[in-house]
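Take a look at the structure set out below.
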Amino acid sequence: MSRLATMFADLQQENKAALIPFITAGDPSLTVTVDLMHTLVASGADAIELGMPFSDPMADGPSIQRASERALARGVKLRMVLEWVREFRRSNQHTPVILMGYLNPLEAMGMATFAELAAEAGVDAVIIVDLTPEEARHESALLKARGIDPVFLLAPTSGAARVQTVKALGSGFVYYVSLRGTTGAAQSNWEEVLGRVRDLRQELAMPVAIGFGIRDAETVARVAQGADAVVVGSALVEILADCTDDQAALLAASNFLQDLAAATVKNRSAS
Amino acid sequence: MDNYTFPDASGHYGPYGGRFVAETLIPALDELNQAYQEAQSDPEFRAELHSELRQFVGRPNPLYHAERISRMLGGAQIYLKREDLNHTGAHKINNAVGQALLARRMGKKRIIAETGAGQHGVATATVATRYGMECLVYMGEEDIQRQSSNVFRMRLLGAEVAAVTSGTRTLKDALNEALRDWVTHVDNTFYVIGTVAGPHPYPAMVRDFHRVIGDEARAQCLELTGRLPDVCIACVGGGSNAIGLFYPFINDQSVRLIGVEAGGLGLSTGQHAAPLTTGRPGVLHGNRTYLMEDEDGQILPTHSISAGLDYPGVGPEHAYLKDIGRAEYVAATDQEALQAFHQLCRTEGIIPALETSHALAHAFALAPTMRSDQTIIVNLSGRGDKDIHTVAALEGIHL
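Residue numbers (the UniProt record's numbering), protein chains in the order written: chain V, 1 to 271; chain U, 1 to 399.
Now the structure itself:
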């Protein structure tokens with residue numbers, strides 16, 4: 001069983017949703033990323049979503065855009081991101097690592113090479129924001145051949161036919177974008193989101209993570225009732241951006257995450 | 001090539017084009033594609049578009065025989081397709097009118113656009129007012145500074161202009177920001193993309209709204225010279241004016257099609273905006289095409305004297321036409337464009353846009369190598385009034 005499948009199975013036993021923090025690789029510094037991953041795990045993260053910086057992150061809001069710009073300015077490259085995952089894996093064999101990014105840098109490396117290196121490094125899943133399932137047949141197969149789950153996104157606007165396409169091409173889990181907007185925007189109607197995700201979990205027969213617009217423990221608690229996983233990105237990235245050194249970043253991340261980790265238990269009635 | 005039918009049903013031009021966007025936008029693109037297909041086959045829509053192009057834009061515009069400069073250069077006869085005489089001063093209005101009529105048909109009350117030089121922004125602001133719609137234009141902060149008169153024009157026309165401060169603060173970042181806006185307001189908003197890039201169906205739709213340029217030029221050339229032109233030349237940023245001119249000639253094997261990219265400070269300096277000449281295929285802004293990118297796949301900053309060509313990508317159809325050898329792509333430097341700008345001002349009494357001046361530069365270089373019974377059509381895609389501050393500043397003159 002894959003690390004991701006094991007994680008979802010274990011959490012189901014514990015009646016909890018997975019907490020997946022997102023950080024941008026190389027932000028707030030080049031030296032902190034691996035330590036930050038370990039700290040997040042120690043503070044309650046069930047999996048780590050690691051952003052691969054891109055110059056034109058069109059699906060991201062200002063916080064993650066700026067983090068990408070800062071990381072690129074520091075010289076972050078895709079090979080460095082993979083190297084950080086490899087380093088993380090030396091002392092952590094169980095926490096899934098999900099890479100998130102845009103297609104062009106992966107194509108520049110070559111998708112086959114990327115899949116090979118990512119698998120060797122210990123990457124479990126990859127989300128390519130601008131790679132829609134229609135265009136992904138080849139890429140999806142390359143990733144799967146290396147044991148990496150290609151994770152696709154579904155949105156409030158996605159119709160029934162697209163759900164089936166994603167079901168056929170994706171694996172691991174499906175990332176449900178909670179809102180019409182970019183990362184970091186505010187979602188107000190969680191009832192609607194949870195209702196939609198309840199249906200999707202049936203249709204997909206795959207775990208569903210909810211992301212976009214989740215900024216605090218209260219929202220995590222609410223979203224955890226209907227989702228298999230909760231992704232928290234911009235709020236954490238913003239906190240890290242304000243840290244002046246690595247120690248401060250690790251402490252801030254730990255404090256922020258511990259709060260959220262306590263909120264992922266599902267009510268018996270809702271599960 | 002005698003039966004060119006691209007794009008295919010999924011929006012591909014060979015390996016190029018397609019749809020590479022956030023999932024949220026896919027249904028909106030499907031809706032747009034369907035509405036566009038229906039509109040295209042609706043005689044009422046076509047009649048309205050035709051009437052607007054006549055009455056509001058001022059089409060057809062002339063194919064003007066630039067006799068003086070042709071004689072001076074001593075070679076091929078140069079004909080200028082006068083898109084600069086359209087309302088708002090450039091070809092951009094053809095597409096803006098088309099998309100705004102489509103937006104109205106789809107019941108969208110709010111339209112957004114990105115702009116580089118500001119010509120597309122002005123055109124979109126114009127049609128938004130004309131059809132009573134709310135309009136927001138995204139423009140890079142750097143472009144806002146170098147095209148301030150167009151910013152003021154957009155505001156005069158009632159549009160809101162939003163400064164984009166992310167990335168390189170130019171056209172590519174304005175496009176990112178417009179895509180982010182669209183993703184956020186997808187239910188009530190129509191995104192009027194200004195060039196033949198973006199996800200399917202934009203490249204095909206924008207081309208179709210601009211093909212009137214080539215359709216008119218082809219008929220006018222036959223009428224004026226009794227034969228097809230030997231060469232068609234247009235500048236290429238995203239490539240909308242070029243594809244508008246080229247498309248109706250694609251099946252005419254004898255007609256050479258030449259796109260001129262921005263060579264900036266020179267191709268060897270890296271300070272340019274010539275992805276077809278120097279770049280490689282990749283994915284940006286919703287489509288696969290030639291890009292200016294570094295070895296890690298990060299998009300490179302571009303440079304051109306003309307804001308409208310200052311873009312690291314290019315329409316996917318141009319990428320395909322290059323690969324199959326149906327069109328050729330070359331570059332003209334800032335200096336060559338400036339020289340052509342002055343040359344046209346002083347010989348023909350026409351002030352061309354700096355974008356257009358790149359096409360002129362190549363035409364002026366090519367004409368003397370051709371016979372005087374041969375014909376070159378240059379798409380005079382826009383007028384240069386917006387650029388006089390840039391040109392004056394280069395000459396140390398403060399207006």
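Every residue gets a Cβ at the ideal spot worked out from N, C-alpha and C, and that includes glycine.
Note that the coordinates shown come from a computational prediction; the quantities given were computed from them, not determined experimentally.
- Not one beta carbon of chain U lies nearer than 8 angstroms to the beta carbon of Q13/V.
- For the stretch 116–150 of chain V, the residues whose beta carbon sits under 8 angstroms from a beta carbon of chain U are, in order, V129, D130, L131, T132, E134 and E135.
- Three or more Cβ pairs closer than 8 angstroms define a contact, and the stretch 279–297 of chain U falls short of that threshold against the stretch 370–386 of chain U.
- Straight-line spacing of the CA atoms in P60/U and A161/V works out to 44 angstroms.
- Assignment of alpha helix (DSSP H) within the stretch 148–172 of chain U, counting only whole runs of 4 or more residues, yields 148–156 in chain order.
- Taking C-beta atoms as the reference points, D27/V and A22/U fail to come closer than 8 angstroms.
- The Cβ-Cβ distance between A307/U and D143/U falls below 8 angstroms.
- Below the 7 angstroms Cβ cutoff, chain V contributes Q65 as neighbours of S166/U, in chain order.
- Identification of residues in the stretch 13–30 of chain U having a C-beta nearer than 9 angstroms to some C-beta of chain V yields G18, R19, F20, V21, A22, E23, T24, L25, I26, P27, A28 and D30, given in sequence order.
- In the three-state DSSP reduction, A25/V falls in the coil class, being neither helix nor strand.
- Around the beta carbon of N104/V, a 10 Å sphere encloses 16 or more other beta carbons of the protein chains shown; the residue is thus reported as buried.
- Taking a contact to require three or more Cβ pairs closer than 8 angstroms, the stretch 329–348 of chain U and the stretch 260–271 of chain U qualify as touching.
- Judged by their CB atoms, F20/U and E135/V are nearer to each other than the 8 angstroms cut-off.
- R180/U has a beta carbon lying within less than 8 angstroms of a beta carbon in chain V.
- At a cut-off of 8 angstroms, the C-beta of T390/U has no neighbouring C-beta in chain V.
- Flagged as an interface residue toward chain U: V177/V, by a C-beta distance shorter than 8 angstroms.
- Of the other Cβ atoms in all chains shown, 16 or more fall within 10 Å of the Cβ of S234/V; this residue is therefore buried.
- Here DSSP, grouped into helix, strand and coil, assigns N176/U to helix.
- Residues G18 of the same chain have their beta carbon placed closer than 6 angstroms to that of H12/U, with the five preceding and five following residues left out of the count.
- Exposure of T113/V is indicated by the presence of fewer than 16 other C-beta atoms within 10 angstroms of its C-beta.
- Contact of T184/U with chain V is assigned, a C-beta pair being separated by under 8 angstroms.
- DSSP lists V230/V as the beta-bridge partner residues of L19/V.
- Close CB contacts of V32/V within its chain, under the 8 angstroms cut and outside five residues either way in sequence, are with D246, A249 and L250 (chain order).
- Distance check between V231/U and each of A35/U, L366/U, I299/U and N94/U places L366/U closest, using alpha-carbon atoms only.
- Counting C-beta atoms within 10 angstroms of its own C-beta, N95/U has 16 or more neighbours from the protein chains shown and is therefore classed as buried.
- When only Cα atoms are considered, Q13/V and S68/V end up about 37 angstroms apart.
- The three-state reading of DSSP puts L300/U in coil, since its state is none of H, G, I, E or B.
- In the DSSP assignment, E134/U falls within the beta strand (DSSP E) that extends over E134 to G140.
- Residue pairing of P150/V in beta bridges, as defined by DSSP: V126/V.
- In the three-state DSSP reduction, M100/V falls in the strand class (E or B).
- Under a criterion of Cβ atoms nearer than 8 angstroms, the residues of chain V adjacent to N176/U are, in order, D56, P57 and M58.
- Pairwise C-beta distances place the stretch 89–97 of chain V in contact with the stretch 40–48 of chain V, as three or more of them are shorter than 8 angstroms.
- Annotation: L194/V to R90/V spans about 37 angstroms, alpha carbon to alpha carbon.
- Per DSSP, L354/U is not a residue of any beta strand (DSSP E); the alpha helix (DSSP H) it occupies stretches across L354 to L366.
- Put simply, of T184/U, T189/U, Y247/U and H342/U the residue whose alpha carbon is nearest the alpha carbon of D215/U is Y247/U.
- In this structure, DSSP gives I258/U an extended state, which the three-state scheme calls strand.
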